[in-house]
Each structure stands twice: as structure tokens, then as C-alpha cells.
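For the first sequence, our numbering puts the final residue at 529, and the numbers step up evenly by one. Virtual Cβ for every residue (Gly too), placed ideally from N, Cα, C. From a predicted model like this one, the values you see are computed outputs, not experimental measurements.
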Amino acid sequence: MAHYYITTPIYYVNDAPHVGHAYCTVNADALARWHRLVGDETKFLTGTDEHGQKVADAAALNGVSPQEWTDRTSARFREAWDALDISYDDFIRTTEPRHYETVQRFLTAVYENGHIYKDVYHGLYCVSCEDYYTLESSDEGRCPIHGRALTEMQEENWFFRLSAFAEPLLRYYEEHPDFVTPETKRNEALAFIRGGLRDISITRTSIAWGIPVPWDDRHVFYVWYDALINYLTAIGYGREDDQTSTWWPVSHHLVGKEILRFHCVWWPAMCMAAGLDPVHHVQVHGWLLVGGQKLSKTMAAEGGVKLSDISPVVLTDEFGVDPIRYYLLRETSLGNDGDFSHEGITARYNTDLANNLGNLVARVTTIVATKCAGVGPAPQPGSELASAARQAVGAAAAAWDRFAPHAALEATWGLITATNAYLEQRAPWKMSPGDELDAVMGDALEAIRLVSVLATPAIPHVCATIWSRIGLEGAPGDETFADSAQWGRYRGVHPIVKGEPLFPRITVSDD
RNA sequence: GGGGCCGUAGCUCAGUGGUUAGAGCAGGGGACUCAUAAUCCCUGGGUCGUGGGUUCGAUCCCCACCGGCCCUACCA
Numbered sequence: 019m020a021h022y023y024i025t026t027p028i029y030y031v032n033d034a035p036h037v038g039h040a041y042c043t044v045n046a047d048a049l050a051r052w053h054r055l056v057g058d059e060t061k062f063l064t065g066t067d068e069h070g071q072k073v074a075d076a077a078a079l080n081g082v083s084p085q086e087w088t089d090r091t092s093a094r095f096r097e098a099w100d101a102l103d104i105s106y107d108d109f110i111r112t113t114e115p116r117h118y119e120t121v122q123r124f125l126t127a128v129y130e131n132g133h134i135y136k137d138v139y140h141g142l143y144c145v146s147c148e149d150y151y152t153l154e155s156s157d158e159g160r161c162p163i164h165g166r167a168l169t170e171m172q173e174e175n176w177f178f179r180l181s182a183f184a185e186p187l188l189r190y191y192e193e194h195p196d197f198v199t200p201e202t203k204r205n206e207a208l209a210f211i212r213g214g215l216r217d218i219s220i221t222r223t224s225i226a227w228g229i230p231v232p233w234d235d236r237h238v239f240y241v242w243y244d245a246l247i248n249y250l251t252a253i254g255y256g257r258e259d260d261q262t263s264t265w266w267p268v269s270h271h272l273v274g275k276e277i278l279r280f281h282c283v284w285w286p287a288m289c290m291a292a293g294l295d296p297v298h299h300v301q302v303h304g305w306l307l308v309g310g311q312k313l314s315k316t317m318a319a320e321g322g323v324k325l326s327d328i329s330p331v332v333l334t335d336e337f338g339v340d341p342i343r344y345y346l347l348r349e350t351s352l353g354n355d356g357d358f359s360h361e362g363i364t365a366r367y368n369t370d371l372a373n374n375l376g377n378l379v380a381r382v383t384t385i386v387a388t389k390c391a392g393v394g395p396a397p398q399p400g401s402e403l404a405s406a407a408r409q410a411v412g413a414a415a416a417a418w419d420r421f422a423p424h425a426a427l428e429a430t431w432g433l434i435t436a437t438n439a440y441l442e443q444r445a446p447w448k449m450s451p452g453d454e455l456d457a458v459m460g461d462a463l464e465a466i467r468l469v470s471v472l473a474t475p476a477i478p479h480v481c482a483t484i485w486s487r488i489g490l491e492g493a494p495g496d497e498t499f500a501d502s503a504q505w506g507r508y509r510g511v512h513p514i515v516k517g518e519p520l521f522p523r524i525t526v527s528d529d
């Protein structure tokens with residue numbers, strides 16, 4: 019049996035969950051659901067990143083311990099994911115004991131392999147940011163954010179010898195052409211590596227809220243170095259090694275483009291340094307832009323959309339879980355930036371969900387309920403719809419496999435369109451009850467069944483509802499895809515239920 | 001300063017190894033009435049950002065420029 023391990027980044031607890039987080043998480047969820055559907059043993063990991071000075075500061079500001087603070091803020095992400103029906107198998111928090119253990123094991127291995135050394139970090143420090151800048155990233159020696167002069171500081175740190183891994187990384191990229199997708203992002207990573215790699219400081223003495231360095235307890239690891247390792251924590255690295263070898267390295271990380279460096283350069287180098295194969299695939303996605311702008315606190319401060327207005331919970335309350343999932347998956351191709359807007363959601367909702375899918379189910383169930391004695395008839399083996407169905411099934415499956423949910427849904431909707439056209443052409447509403455009518459309606463029901471199967475990774479609730487409305491037992495994912503995707507499997511067992519509209523149209527008032 | 005991405009029909013975006021550039025939505029016309037004023041059919045000459053270059057020929061290759069954006073070492 020194939021194993022499929024997919025991860026999202028772990029989200030920084032100081033951020034409030036917003037559509038950007040939801041975008042990544044919903045995509046990972048749909049992909050995980052797809053792989054469960056085809057019968058892969060699947061593990062889907064998400065979680066929260068909880069260390070660092072900013073978290074400690076926020077906790078202090080709120081008068082609680084860092085642990086209490088992260089307990090609270092981490093929970094907001096779980097609530098958001100519950101609202102979006104995210105089927106994660108594991109939710110990792112970097113403050114968990116298992117993570118401390120794996121991080122210490124992993125970095126001890128890197129240390130013992132001679133890739134970590136002690137040096138003095140010289141840097142330009144901004145007191146307001148409490149952070150270092152390089153001369154290049156500064157604004158002529160001034161903080162790019164605060165504009166105040168940076169002060170020369172130095173701190174004794176442990177360094178990771180990233181510079182030693184440029185060649186191995188280039189070789190790895192060469193030998194694994196699909197390591198990073200899409201290709202433009204792969205090129206970016208390669209350009210960065212070719213531009214030369216500097217060693218990176220991976221510990222701090224000035225911060226307490228972090229994972230202690232096992233061989234030097236005055237230091238804690240800097241957040242990013244412990245954060246990346248979460249992917250291994252969840253599969254038992256250093257604790258249950260048989261689990262690790264089951265899920266690694268044939269794994270997939272889904273990450274936003276802004277953290278490409280960490281995942282496509284540092285992380286594979288860190289794995290190599292620990293004597294571990296790097297992950298096999300990093301899928302980079304773009305951003306959802308609102309009014310052409312990145313989602314950020316600054317955007318909110320500038321009077322645009324409030325982040326709280328586009329929190330996952332607010333959106334699912336307004337539009338429903340499946341419509342939001344559908345929109346996030348369908349509107350943008352993974353890898354490119356996309357637009358996010360209420361108008362966009364409404365348009366997708368009304369056209370794709372209400373007019374095409376919802377209306378198809380409504381017209382078919384009505385006819386079957388009134389003219390076919392209530393129970394759905396069987397499809398015809400040689401139906402002309404069967405070829406459209408086979409095409410949709412093939413295209414959708416291929417798209418899901420290549421991390422293209424938008425294309426998978428596009429292909430699926432092709433079958434919906436073909437079915438609507440088929441009904442127009444046959445006009446079953448003009449037919450008297452009998453074999454001819456039954457044949458047409460059986461075909462339409464079969465197409466709807468297939469659509470339910472193909473779309474279930476994206477919109478599981480609605481697909482299950484449709485499944486029962488067309489008189490089937492169980493749910494679309496009960497059978498393995500290889501069987502359920504075959505034309506001709508529909509057999510009505512229960513009477514067809516007309517039911518309320520699946521997606522009542524949204525009317526927009528223009529005020 | 002350095003590195004990179006993007007700029008294709010009103011809108012959102014595909015696309016190619018260089019020859020006749022596509023889809024959805026919106027718009028226009030028609031058909032139908034089972035259905036959620038839904039559906040189906042027909043309808044797309046847009047300098048493929050600008051200016052050069054390479055070439056028999058470039059939207060796709062090279063250079064420059066303009067515009068939008070990202071990274072530059074803790075924002076999906």
C-alpha cells in the first residue's frame with residue numbers, strides 16, 4: 019500500500035487565523051482526502067509554531083505564561099480548522115515534549131556530524147524590532163521598518179554550516195527534477211543556491227522561550243530551526259524510527275512562497291547534515307491577494323479589509339463550509355497568486371455551485387421522483403455520457419495527483435456541463451414513464467454519482483448529501499476510487515429525495 | 001544595492017517545440033420549460049506591457065525600459 023504524507027507549515031501563534039492560512043490548509047486537506055479516496059495510507063499534518071521572543075512578549079503583555087498564551091492562541095487555529103472541516107491526522111505544537119525530544123536528537127546528529135560550530139555573531143541590531151539586519155537588508159544602516167539607526171551588536175552563537183551544502187543541494191536538485199514545484203519556484207530556489215550560501219546562526223542566548231541546545235544549555239534554538247523539524251517530530255524521528263522510515267522521505271510539504279528559502283534550501287541541507295534524505299517534494303503555492311494586496315496586518319491598518327472580516331470562521335458562517343472550500347480550491351491554481359473577494363466567492367457560488375451542480379441535482383431528482391416511481395433506474399453501459407464521464411474522471415484524477423485541485427474541479431464540472439447538455443438533448447421531461455426515460459435518468463444519476471466521488475475531497479458535506487439524495491447507501495468515499503470511478507455502478511436503493519436547494523442562490527443588492 | 005516573479009479578450013486567468021492565440025465569467029442573439037429567473041446552442045480581429053535584437057518567422061529566445069510585486073536570512 020502506498021503511503022502519503024502531506025504537511026502544511028506550522029502557523030505562528032501570534033497571527034490570527036485568516037484566509038491565507040485557510041487557503042494552504044484547505045488545499046492540503048483536499049489533497050489528503052483525495053489520497054485517502056484512492057486508498058493510500060495517508061497522514062496529514064498541520065499545527066502551530068509557538069516559540070520565539072514575540073510570543074514571549076505577547077504572553078507577558080497579556081499577563082500569562084508563554085505556555086498559557088500559546089495554549090490559547092493555538093486553539094484558535096484548531097477552531098478555524100474545525101469550521102473548515104479540516105481532516106488533519108495530527109496537530110503538532112512545537113511546545114510539546116515530543117517535539118523537544120526530536121529537535122534535540124536531530125540537531126545533536128547534525129552537531130555530531132560536524133556541521134555546527136560556535137562563533138560570534140556580529141550584526142546590526144534594531145532595538146525596536148529586537149532583531150538583527152544585514153547591511154544589505156538595512157536602509158543604509160537604518161532599520162527599514164523603524165528608520166532608526168541600527169547598533170552594532172555581537173552575540174556568541176552556534177552556527178549551521180549551510181555554506182558547505184551548496185554543491186550537495188545543486189546535485190540533489192539535479193537528480194530530483196520534481197523536488198520543488200512549480201518550476202518557476204524551483205528556479206528561484208536554484209538561483210538562490212547558486213548565488214552562494216552563508217552559514218546561519220541557529221541559536222540565541224538572549225531568548226528564553228525556545229528549545230534548549232542539548233550540548234550548551236545557555237542557548238536555545240532560534241525558532242525557524244526548531245520549526246522545520248516538526249515534520250519529523252510527527253513521524254517519530256529519534257523516538258520511533260520505524261514510523262519515520264514509513265513516512266519519510268516520500269513526503270510532501272505544501273508551503274507559501276514567502277518561506278521557500280526555508281523549505282527549499284535550509285531544510286534539505288539540514289536533513290543532509292543529519293544524515294537523512296531530504297523530503298521528496300515541496301509544493302509552493304502563491305498568495306491570495308485582496309484588492310491586489312497581500313494579506314497582512316499593515317493592509318488592515320491601512321484601512322482595507324479587516325483581517326477579522328476574512329477569518330475562516332466568519333467566512334464559513336456567511337457562505338457555508340463547502341462553498342468556501344470550493345472557492346479556495348477552484349479559483350486559483352496552486353503556485354500562482356490569486357484574488358480573494360466576496361464578489362469572487364459569490365460568482366463561483368452562483369454559477370458553479372447553484373446553477374450548475376445544485377440545479378442539476380434538483381432537475382434530475384424532480385424528474386426521477388415524479389416519473390420513475392421514486393427509485394433511481396440503472397445507467398446504460400454504452401451511454402454517450404459515459405465517454406464524457408471517463409474523460410472527466412481521468413482528467414480530474416490526474417489533476418489531483420499533480421497537486422492541481424483547480425484543474426481537478428474544472429474537469430469535474432465538465433461532467434456536470436455534459437450532463438446538463440445531455441438532458442437538454444434528450445428532454446426526458448417530455449417522455450412518458452418507461453424504458454427510454456429510465457435510461458436517460460439512470461445515466462444522469464450515474465453522472466451525478468461520479469461527480470460526488472470526484473468532488474468529495476473538495477466539498478465532502480455536499481457530496482455526501484447528494485449521495486443520499488440520489489438514493490445511495492453510505493458516502494462517496496466508502497468504496498475505493500478504482501471501483502467507484504467506473505461507469506455503470508449506480509444502483510438506486512432508496513427512494514430519490516428532492517430536498518431543498520443545495521445552494522440557494524445568493525442575490526446581491528447593489529447598494 | 002543584490003536576486004527573482006509577473007504584465008495575454010471588459011473581468012479572472014490558461015497556453016506553446018517560434019508558423020492560423022484559448023477557457024470561464026460578464027455582454028449579445030436564439031431554443032427550452034424538468035429545474036434554484038436555472039439549463040442548452042450560437043456569438044471572442046485581443047498592438048499577447050513598451051522599444052530594440054537574433055531569425056525566413058517571436059506572445060513564447062536575448063537585451064533594455066515602463067508598470068505591479070516578492071525575497072534579501074522569524075508574516076499561508
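Would you mind working out which of the options sits nearest residue i, comparing C-alpha positions?
i      : options                           : result
ARG408 : TRP418, THR388, ALA245 and THR430 : THR430
GLU518 : ALA209, TYR106 and ARG381         : ARG381
GLY489 : LYS516, ARG222, ALA500 and PHE337 : LYS516
TYR30  : SER269, MET449, SER405 and VAL241 : VAL241
GLU173 : VAL121, ARG236 and TYR118         : ARG236
GLN122 : TYR139, PRO35 and TYR243          : TYR243
TYR249 : ASP234, THR88, HIS299 and ALA473  : HIS299
SER351 : ARG420, HIS360, PRO195 and VAL411 : ARG420
PRO27  : GLY65, LEU55, HIS21 and VAL56     : GLY65
SER405 : ILE363, LEU306, GLU454 and TRP505 : TRP505
HIS53  : ALA287, THR498 and MET449         : THR498
ALA182 : THR169, THR199, PHE197 and TYR135 : TYR135
PHE521 : ARG366, VAL411, THR388 and GLY432 : ARG366
VAL138 : ASN131, ILE24, GLU170 and PHE124  : GLU170
HIS360 : GLU336, ARG204 and HIS140         : GLU336
Give the range of the beta strand (DSSP E) segment to which residue i is assigned.
i      : result
TRP265 : Here TRP265 belongs to no beta strand (DSSP E); instead the alpha helix (DSSP H) covers 259-265.
PHE62  : 59-67
TYR22  : 21-30
LEU307 : 306-308
VAL515 : Counting along the chain, VAL515 falls outside any beta strand (DSSP E), and DSSP gives it neither H nor E.
VAL302 : 299-303
Straight-line CA distance for residue i to residue j?
i      : j      : result
ALA77  : HIS281 : 28 Å
ILE110 : ILE514 : 43 Å
TYR191 : TRP266 : 18 Å
LYS315 : GLY353 : Unreliable positioning characterises LYS315 in this predicted model, as indicated by a pLDDT of 49, which lies under 50. The coordinate reading is nonetheless provided below. Their Cα atoms are separated by approximately 23 Å.
ALA202 : LEU346 : Just to set this straight, residue 202 is Thr in the shown sequence, not Ala. C-alpha separation (whole angstroms): 22 Å.
ILE253 : THR262 : 5 Å
SER502 : THR383 : 21 Å
GLY322 : PRO446 : Summary for GLY322: the model assigns pLDDT 47, below 50, so the residue's position carries little reliability; its value from the coordinates is reported in the next sentence. Straight-line Cα distance between these residues: approximately 51 Å.
HIS117 : GLY376 : 45 Å
LEU378 : ASP355 : 32 Å
ALA245 : ASP67  : 6 Å
ARG509 : HIS69  : 54 Å
GLU491 : GLU59  : 24 Å
ILE385 : SER486 : 16 Å
ALA74  : ARG51  : 36 Å
PRO84  : PRO230 : 15 Å
HIS270 : ALA436 : 34 Å
VAL238 : THR221 : 5 Å
LEU102 : VAL480 : 13 Å
PHE95  : ALA34  : 8 Å
ASN373 : THR525 : 13 Å
VAL469 : ALA482 : 11 Å
ALA209 : GLN443 : 55 Å
ILE24  : ASP260 : 18 Å
With residue i as the anchor, note down where its alpha helix (DSSP H) starts and where it stops.
i      : result
VAL471 : 453-473
GLY362 : 360-366
VAL37  : 37-55
GLN71  : 71-79
LEU333 : 330-337
SER269 : No alpha helix (DSSP H) holds SER269; the beta strand (DSSP E) holding it covers 269-274.
Legend entry - Contiguous alpha helix (DSSP H) assignments of at least 4 residues, all confined to the segment 92-145: 115-130
Inset, instruction - Would you check if the segment 209-224 and the segment 38-45 touch, i.e. whether three or more CB-CB distances between them fall below 8 Å? - result: no
Legend entry - Entirely enclosed alpha helix (DSSP H) segments - the segment 164-237, minimum 4 residues: 184-193 and 201-212
Inset, instruction - Count the C-beta pairs between the segment 324-343 and the segment 218-234 that are closer than 8 Å, then say yes if the count reaches three, no if not. - result: no
Inset, instruction - May I have a chain-ordered list of the alpha helix (DSSP H) segments no shorter than 4 residues that lie completely inside the segment 391-416? - result: none
Inset, instruction - Could you name each continuous alpha helix (DSSP H) segment of 4 residues or more that falls completely within the segment 421-448, going from the start of the chain to the end? - result: 423-444
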